[in-house]
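**Q**
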Amino acid sequence: MRLLLVEDHVPLADELLADLGRQGYAVDWLADGRDAVYQGASEPYDLIILDLGLPGKPGLEVLREWRAGGLATPVLILTARGSWAERIDGLKAGADDYLTKPFHPEELQLRIQALLRRAHGVANQPHLEAAGLQLDESRQCVSRAGDEIDLTAAEFRLLRYFMLHPGQILSKSHLAEHLYDGESERDSNVIEVHVNHLRRKLGRDVIETRRGQGYRFSGVAE
1 MRLLLVEDHV
11 PLADELLADL
21 GRQGYAVDWL
31 ADGRDAVYQG
41 ASEPYDLIIL
51 DLGLPGKPGL
61 EVLREWRAGG
71 LATPVLILTA
81 RGSWAERIDG
91 LKAGADDYLT
101 KPFHPEELQL
111 RIQALLRRAH
121 GVANQPHLEA
131 AGLQLDESRQ
141 CVSRAGDEID
151 LTAAEFRLLR
161 YFMLHPGQIL
171 SKSHLAEHLY
181 DGESERDSNV
191 IEVHVNHLRR
201 KLGRDVIETR
211 RGQGYRFSGV
221 AE
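Written out as structure tokens, the structure reads:
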């Protein structure tokens with residue numbers, strides 16, 4: 001999943017980039033609200049983490065412009081402790097959730113997971129499940145009928161995205177846009193290699209190839 005982090009406090013941003021990267025997210029980082037307005041609306045992010053105290057343009061104005069322009073991407077706002085008015089204004093402006101600084105990295109991780117599940121209609125599930133598979137995001141592995149299957153970080157990222165979009169046809173370019181940050185080289189052949197690895201581990205029929213269109217996750221083993 002590809003995330004946008006908009007945070008001007010460099011030490012915190014560095015910490016979050018490292019934590020989110022370990023959790024298998026591709027993250028772009030911006031520190032200025034003016035840049036965020038454009039990039040948030042033009043790039044295909046799955047979720048945005050937005051600090052409200054930004055230079056250039058305040059986070060609330062950024063959020064209002066996104067929503068006025070029709071951006072539906074889930075937004076998690078970061079606010080200072082005790083700023084209840086900011087939290088209310090943020091939710092009114094279209095934020096999906098908020099987190100008060102300082103916060104524990106695990107709480108941010110769980111809120112991100114919950115927002116992504118909600119955005120894909122599986123908010124009532126404590127874990128990500130699709131077609132008989134259960135994904136453990138903390139351990140980056142998957143199980144079926146109690147049998148655990150270890151995945152590499154790249155395989156985990158790809159399978160998580162497939163499980164959030166069961167039955168949908170996803171092109172290689174679409175997958176590359178959502179699995180790699182803006183600085184990464186996006187090679188569709190790499191996607192094909194990881195798909196083949198997942199098929200070997202989960203069964204050949206788990207991921208269908210639609211010639212000229214892309215891939216479709218069914219979760220059905222051979």
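Counting from 1, one number per residue, gives the positions in the sequence shown under the UniProt record's numbering.
Heads up, the beta-carbon is just placed ideally off N, CA and C, and yes, glycines get one too.
Determine whether the beta carbon atoms of Leu179 and Arg157 lie at a separation below 9 Å.
**A** Yes, the pair counts as a contact, with Cβ atoms nearer than the cut-off.
**Q** Counting contacts by CB-CB distance shorter than 9 Å, is Thr79 in contact with chain B?
**A** The chain labelled as chain B is not found in the depicted structure, where only one protein chain is given.
**Q** So Ile207 packs on Arg199, CB below 8 Å; how close in whole Å?
**A** Their Cβ separation, rounded to whole angstroms, is 6 Å, which keeps Ile207 and Arg199 in contact under 8 Å.
**Q** When burial is assigned at 16 or more other CB atoms within 10 Å of the CB, is Val10 buried or exposed?
**A** Exposed: under 16 other Cβ atoms inside 10 Å.
**Q** For Ala31, name the three-state secondary structure that DSSP assigns.
**A** Coil, per DSSP.
**Q** Give the C-beta separation of Leu159 and Leu135 to the nearest angstrom, bearing in mind that I take them to be a contact with Cβ-Cβ under 8 Å.
**A** Between Leu135 and Leu159 the Cβ distance is about 7 Å, and since that is below 8 Å, they are a contact.
**Q** Measure the C-alpha to C-alpha separation of Arg216 and Leu20 and round it to an integer number of angstroms.
**A** So the alpha carbons of these two residues sit roughly 27 Å apart.
**Q** Would you mind working out which of Gly70, Leu17, Leu99 and Glu106 sits nearest Trp84, comparing C-alpha positions?
**A** With distances taken between Cα atoms, Trp84 lies closest to Leu99.
**Q** Per DSSP, what kind of secondary structure is Ala131 in: helix, strand or coil?
**A** Coil at Ala131, not helix or strand.
**Q** How long is the line joining the alpha carbons of Arg210 and Ile169, rounded to whole angstroms?
**A** Distance between the alpha carbons of Arg210 and Ile169 is about 8 Å.
**Q** Are the region 56-72 and the region 25-42 touching by the rule of at least three beta carbon pairs closer than 8 Å?
**A** Yes, they touch.
**Q** Can you name the residues that DSSP bridges to Arg216?
**A** DSSP output for Arg216 lists Ile169 and Glu208 as bridge partner(s).
**Q** How far does the alpha helix (DSSP H) with Leu158 in it extend, from its first residue to its last?
**A** Here the alpha helix (DSSP H) through Leu158 covers Ala153 to Leu164.
**Q** Which residues does DSSP list as the beta-bridge partners of Asp150?
**A** Answer is Cys141, bridged to Asp150.
**Q** Residues in the same chain with beta-carbon distance under 8 Å from Glu15, minus the five sequence neighbours each way, listed in chain order, please.
**A** Hits under 8 Å: Pro105.
**Q** Given a threshold of 16 other Cβ atoms within 10 Å of its Cβ, counted over all protein chains shown, does Gly90 qualify as buried or as exposed?
**A** It is buried - the Cβ of Gly90 has at least 16 other Cβ atoms within 10 Å.
**Q** Just reading off the alpha helix (DSSP H) that Ala119 is part of, what are its end residues?
**A** Looking at the DSSP string, the run of the alpha helix (DSSP H) that includes Ala119 is Pro105 to Ala119.
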